[in-house]
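The block underneath contains the structure these notes are about, expressed in structure tokens.
Number of protein chains: 2
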Amino acid sequence: MKTDLNTLMQEKNLDALIILGDAEHNPPMYYQTGGGHISAATLIQKVGQPPVLYCNDMEREEAARTGLEVVLYSKYSFHELVKKAHGDMTLFGALRLQLILNDHGLSEGRLGIYGVIDLGFGFGMLSHLQELMPGITLVGEASQDSVIFKAMETKDEAEVERIRKMGKVTTEVVGLVKDFLTSREVDGEENLLEEDGSLLTIGSVKARINLWLAERGVENPEGTIFAIGRDAGVPHSVGRPEDKVCLGKTIIFDIFPCEAGGGYFFDFTRTWCLGYAAPEAQALYDQVIGAYDLVLENMEANVPFKTYQKLVCDYFEECGHQTPITDEAPKEGYVHSLGHGVGINVHERPFSGIYTTDDHMIRPGVVVTLEPGLYYPDKGMGARVEDTFWVRPDGQMELLGSFPYDLVLDMKKWKK
Amino acid sequence: MKTDLNTLMQEKNLDALIILGDAEHNPPMYYQTGGGHISAATLIQKVGQPPVLYCNDMEREEAARTGLEVVLYSKYSFHELVKKAHGDMTLFGALRLQLILNDHGLSEGRLGIYGVIDLGFGFGMLSHLQELMPGITLVGEASQDSVIFKAMETKDEAEVERIRKMGKVTTEVVGLVKDFLTSREVDGEENLLEEDGSLLTIGSVKARINLWLAERGVENPEGTIFAIGRDAGVPHSVGRPEDKVCLGKTIIFDIFPCEAGGGYFFDFTRTWCLGYAAPEAQALYDQVIGAYDLVLENMEANVPFKTYQKLVCDYFEECGHQTPITDEAPKEGYVHSLGHGVGINVHERPFSGIYTTDDHMIRPGVVVTLEPGLYYPDKGMGARVEDTFWVRPDGQMELLGSFPYDLVLDMKKWKK
Numbered sequence: 008m009k010t011d012l013n014t015l016m017q018e019k020n021l022d023a024l025i026i027l028g029d030a031e032h033n034p035p036m037y038y039q040t041g042g043g044h045i046s047a048a049t050l051i052q053k054v055g056q057p058p059v060l061y062c063n064d065m066e067r068e069e070a071a072r073t074g075l076e077v078v079l080y081s082k083y084s085f086h087e088l089v090k091k092a093h094g095d096m097t098l099f100g101a102l103r104l105q106l107i108l109n110d111h112g113l114s115e116g117r118l119g120i121y122g123v124i125d126l127g128f129g130f131g132m133l134s135h136l137q138e139l140m141p142g143i144t145l146v147g148e149a150s151q152d153s154v155i156f157k158a159m160e161t162k163d164e165a166e167v168e169r170i171r172k173m174g175k176v177t178t179e180v181v182g183l184v185k186d187f188l189t190s191r192e193v194d195g196e197e198n199l200l201e202e203d204g205s206l207l208t209i210g211s212v213k214a215r216i217n218l219w220l221a222e223r224g225v226e227n228p229e230g231t232i233f234a235i236g237r238d239a240g241v242p243h244s245v246g247r248p249e250d251k252v253c254l255g256k257t258i259i260f261d262i263f264p265c266e267a268g269g270g271y272f273f274d275f276t277r278t279w280c281l282g283y284a285a286p287e288a289q290a291l292y293d294q295v296i297g298a299y300d301l302v303l304e305n306m307e308a309n310v311p312f313k314t315y316q317k318l319v320c321d322y323f324e325e326c327g328h329q330t331p332i333t334d335e336a337p338k339e340g341y342v343h344s345l346g347h348g349v350g351i352n353v354h355e356r357p358f359s360g361i362y363t364t365d366d367h368m369i370r371p372g373v374v375v376t377l378e379p380g381l382y383y384p385d386k387g388m389g390a391r392v393e394d395t396f397w398v399r400p401d402g403q404m405e406l407l408g409s410f411p412y413d414l415v416l417d418m419k420k421w422k423k
Numbered sequence: 008m009k010t011d012l013n014t015l016m017q018e019k020n021l022d023a024l025i026i027l028g029d030a031e032h033n034p035p036m037y038y039q040t041g042g043g044h045i046s047a048a049t050l051i052q053k054v055g056q057p058p059v060l061y062c063n064d065m066e067r068e069e070a071a072r073t074g075l076e077v078v079l080y081s082k083y084s085f086h087e088l089v090k091k092a093h094g095d096m097t098l099f100g101a102l103r104l105q106l107i108l109n110d111h112g113l114s115e116g117r118l119g120i121y122g123v124i125d126l127g128f129g130f131g132m133l134s135h136l137q138e139l140m141p142g143i144t145l146v147g148e149a150s151q152d153s154v155i156f157k158a159m160e161t162k163d164e165a166e167v168e169r170i171r172k173m174g175k176v177t178t179e180v181v182g183l184v185k186d187f188l189t190s191r192e193v194d195g196e197e198n199l200l201e202e203d204g205s206l207l208t209i210g211s212v213k214a215r216i217n218l219w220l221a222e223r224g225v226e227n228p229e230g231t232i233f234a235i236g237r238d239a240g241v242p243h244s245v246g247r248p249e250d251k252v253c254l255g256k257t258i259i260f261d262i263f264p265c266e267a268g269g270g271y272f273f274d275f276t277r278t279w280c281l282g283y284a285a286p287e288a289q290a291l292y293d294q295v296i297g298a299y300d301l302v303l304e305n306m307e308a309n310v311p312f313k314t315y316q317k318l319v320c321d322y323f324e325e326c327g328h329q330t331p332i333t334d335e336a337p338k339e340g341y342v343h344s345l346g347h348g349v350g351i352n353v354h355e356r357p358f359s360g361i362y363t364t365d366d367h368m369i370r371p372g373v374v375v376t377l378e379p380g381l382y383y384p385d386k387g388m389g390a391r392v393e394d395t396f397w398v399r400p401d402g403q404m405e406l407l408g409s410f411p412y413d414l415v416l417d418m419k420k421w422k423k
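Sequence lines, in order, name chains V and C. Sequential numbering of the first sequence, starting at 8, is according to this note's numbering. Sequential numbering of the second sequence, starting at 8, is according to this note's numbering.
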């Protein structure tokens, strides 16, 4: 939680954080500002002190709404600094940041660097800054191991309420997609049809998903996976827009929208077969549900997340599938890890891969997905089920956003 | 244009480009891949050679659709590299990138760094890489001065056609907003009303804008400015969702959607007064239109963009306004620059600020906005008009997306 940030900074001997970039679609800056139309900002947070936000004068009103102390960049002469930098904007950025740091008494110490920005500019600027200020040490942490991502890992009730609302929107839209698909007419080749009798495509389904999400005021910055048949057998294949939607094949529908402006995400997957399922697909799906139930039965707070990844691998191997334990990058079978944290990032701490460290833990406060899956692209099928849970302060798992688990969706206007 | 990239690399003595990050919402990677659901990828492009894309195995099918040569990360043992890095993921990233570079014979030379990614990870990884490979020089260019952004600066017909389509969508939606606003009932205090008789808010107008954009399959990642009264007087104030929409006040409506997945943008602004305008607002608006017309009359290909910024500053100063020539960061009057390039970035080269270099030029192939504006927050008003133009190969300016310039929009159910 945000209140952990100070302790985390002290543990890493950081004297201050420097967060760079826009307030939106930039998780560290969003976390500390709450978002807003603020671009190319700089946030300085000294250990034990509240953050101070630097921004362009034009965005002063948006910045004021963050509730943070705001300083305008015009405090430092743009013209003089550009001249001093001979027009090199990476040097300009370093010179201005040097003035800002000096104003905070940060001419020495360990400074952590954060924010999603253009790496060419960021690397060039920080290289200059390091030369300009030999007394400082710039610390670039891998995002998932960084103090900010560690603070983000556990959520308070207010954050979870925002994720719950996203779960409600998500499952509403999933319900609309289900109703839409099952109400379609079907042609002689078992393809679904649009109202006008033309073939229904994945692109058309996705356009509706985007519309239904937009109607609810949320964003879909990472897209949606709606993959059928062979594509359902490749976990991150998003589905080809021109592909037809037909009966009987496995459809993996993985949807992960976020609040407008790059806020909190939700993450949810169901596997569907329209009208009927092949026995082999049903058997595959039943094993996925078996893994899901096994994890839920065994899950406890304060256990490393990868414990359950191993549990699922063992179970799937008994069923005869490849897993990441036997093959580092299996092309079929169980090819990914069990789940991940969800927050301002669609994927964040804790992670569940078998090589993660023990501190990726199902600790109270985390919001995590559970998403076992099995994939056989050459057999034209795949299955995954994914739900998002909050581990409450009392250690109980709370399901955020529920939806039935039926593999086969009956078609209203078609019978086998 | 993309075909300029090789020459640009040679001019900067770059032996190769390294682009990092996702394929979408990451302009350099989108430019070279065409987008797709590909995350945390690495693209290596040696001078004079086609790019090679490295990605996670799970995303191999999405990567294959880029048409580029694809190598899967599983070529390099994740487990062994993580072990060698003692779990430090910035070191892991550097070790893997070292193997990739060695496979391209890049154990020495000047390597340009690009991509929008987490700076903590990027800086940490590149710092390790520099230590691991003392023979290489990593070059971090300021994004707008980088070889990739310079290549992006001029567009071919296929790119412009995509921007034209975005212009069509944008002006269609602007037309829908105009129709919606002018069809409203008005209460005794000149506030616009929803169908159900409640007060119409900016948040409600914006929700409709998002919906109408989504219906057309486009994204709105940077939001929309719809600012009324005092907020219209602060150029980047996006408008408060809870604010009422009322007659007579200036409304600045600046809309900048992009193709789904972070593709090409459009950028467009109109200023409206519903029902009637105060004489002072009309006079302000007429001066903005005066500046716009003045630029269009004088604009020629192969002239530095800032020439026209100076022209507008001179004109506005004659009208008695502050400008960036007299005050580096004026709080009222003409407080920004004339325009900017538009492409995969909503703001890109060429720029028009008075301190830009002469190579920010209205050269054939650029797509630029012209957007003079005047702002008086303390008088509760602002005015800006913005259109997007392509400078065709023959040097002629082509308006992409047209819409009338009326300040006052007549209300269908209300008369003064």
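Backbone N, C-alpha and C fix where the C-beta goes; we use that ideal spot for every residue, glycine too.
Residues that residue i contacts on chain C, provided the C-beta gap is smaller than 7 Å
i               : result
D125 of chain V : V123, S150
I120 of chain V : L126, G127, F130
Partners in chain V for residue i, counting only beta-carbon separations shorter than 7 Å
i               : result
S134 of chain C : G147
H44 of chain C  : G230, H243, V245
Limits of the unbroken alpha helix (DSSP H) element including residue i
i               : result
S173 of chain V : Residue identity check: residue 173 of chain V is Met in the sequence provided, not Ser. Run containing M173 of chain V: 164-189, per the alpha helix (DSSP H) assignment.
D261 of chain V : Run containing D261 of chain V: none in the alpha helix (DSSP H); it sits in the beta strand (DSSP E), 257-262.
M36 of chain C  : 34-40
F273 of chain C : First-last for F273 of chain C: undefined, no H or E at that position.
T330 of chain V : Careful: T330 of chain V lies outside any alpha helix (DSSP H) and carries neither H nor E.
L12 of chain C  : 12-18
A308 of chain C : Segment: none, A308 of chain C is in no alpha helix (DSSP H) and carries neither H nor E.
Chain V contact residues for residue i, given Cβ-Cβ distances below 8 Å
i               : result
M388 of chain C : What M388 of chain C touches in chain V: nothing, since even the nearest Cβ is about 15 Å away.
G270 of chain C : Near G270 of chain C there are no residues of chain V at all, since even the closest Cβ is about 12 Å away, more than 8 Å.
E179 of chain C : Near E179 of chain C there are no residues of chain V at all, since even the closest Cβ is about 15 Å away, more than 8 Å.
E69 of chain C  : H243, S244, V245
Listed by chain order, chain V residues near residue i by CB distance under 9 Å
i               : result
E222 of chain C : A214, N217, L218, A221
S211 of chain C : Residues of chain V passing the Cβ test: none, with the nearest at roughly 10 Å.
Y362 of chain C : F85, H86, V89, K90, G94
T97 of chain C  : G147, E148, A149, D152
Start-to-end residues for the beta strand (DSSP E) that takes in residue i
i               : result
T314 of chain C : Careful: T314 of chain C lies outside any beta strand (DSSP E), inside the alpha helix (DSSP H) at 313-325.
E304 of chain V : Run containing E304 of chain V: none in the beta strand (DSSP E); it sits in the alpha helix (DSSP H), 286-305.
T144 of chain V : 143-147
F436 of chain V : In the structure as shown, chain V begins at 8 and stops at 423. Residue 436 of chain V is therefore absent and cannot be evaluated.
A23 of chain V  : 23-28
M404 of chain V : 404-407
Proximal residues of chain C, C-beta to C-beta of residue i below 8 Å
i              : result
M65 of chain V : V241, P242, H243, V342, H343
S81 of chain V : E335, A336
Integer-rounded CB distance, given that residue j should sit under 8 Å from residue i
i               : j               : result
F233 of chain C : G246 of chain C : 5 Å
G297 of chain C : C280 of chain C : Not confirmed; about 18 Å, so no contact.
L377 of chain C : D366 of chain C : Actually they do not touch by this definition, with Cβ atoms about 19 Å apart.
V415 of chain V : V398 of chain V : About 32 Å; that fails the 8 Å criterion.
T330 of chain V : Y315 of chain V : 13 Å between Cβ atoms; not a contact.
P57 of chain C  : I51 of chain C  : P57 of chain C to I51 of chain C, Cβ: 10 Å. No contact.
L126 of chain C : G74 of chain V  : About 25 Å separates the two Cβ atoms, so there is no contact after all.
G119 of chain V : V146 of chain V : 5 Å
T189 of chain C : D417 of chain C : 7 Å
Of all the residues that make up the region 327-349 of chain C, which are near chain V by a beta-carbon distance shorter than 8 Å?
-> Cβ contacts with chain V: E335, A336, K338, V342, H343.
Contact list for the region 49-62 of chain C against chain V, Cβ threshold 9 Å | Hits within the stretch: zero.
What alpha helix (DSSP H) runs, 4 residues minimum, are completely inside the region 180-242 of chain V?
-> Those alpha helix (DSSP H) runs which fall completely within the region 180-242 of chain V and span 4+ residues are 209-222.
Any residues in the region 239-250 of chain C with a beta carbon nearer than 9 Å to a beta carbon of chain V? Which ones, in chain order?
-> Near chain V, meaning a CB-to-CB distance below 9 Å, the residues of the region 239-250 of chain C are V241, P242, H243, S244, V245, R247.
Residues of the region 25-41 of chain V with a CB closer than 7 Å to any CB of chain C: list them in chain order, please.
-> Listed by position along the chain: L27, H32.
Along the chain, which unbroken stretches of the alpha helix (DSSP H) at least 4 residues long are found entirely within the region 52-140 of chain V?
-> Segments of the alpha helix (DSSP H) lying fully in the region 52-140 of chain V: 67-71, 85-91, 96-110, 126-139.
Can you check the region 345-383 of chain V for any beta strand (DSSP E) of at least 3 residues that lies completely inside it and give the ranges in chain order?
-> Counting only runs of 3 or more, we get 355-358, 374-377, 380-383.
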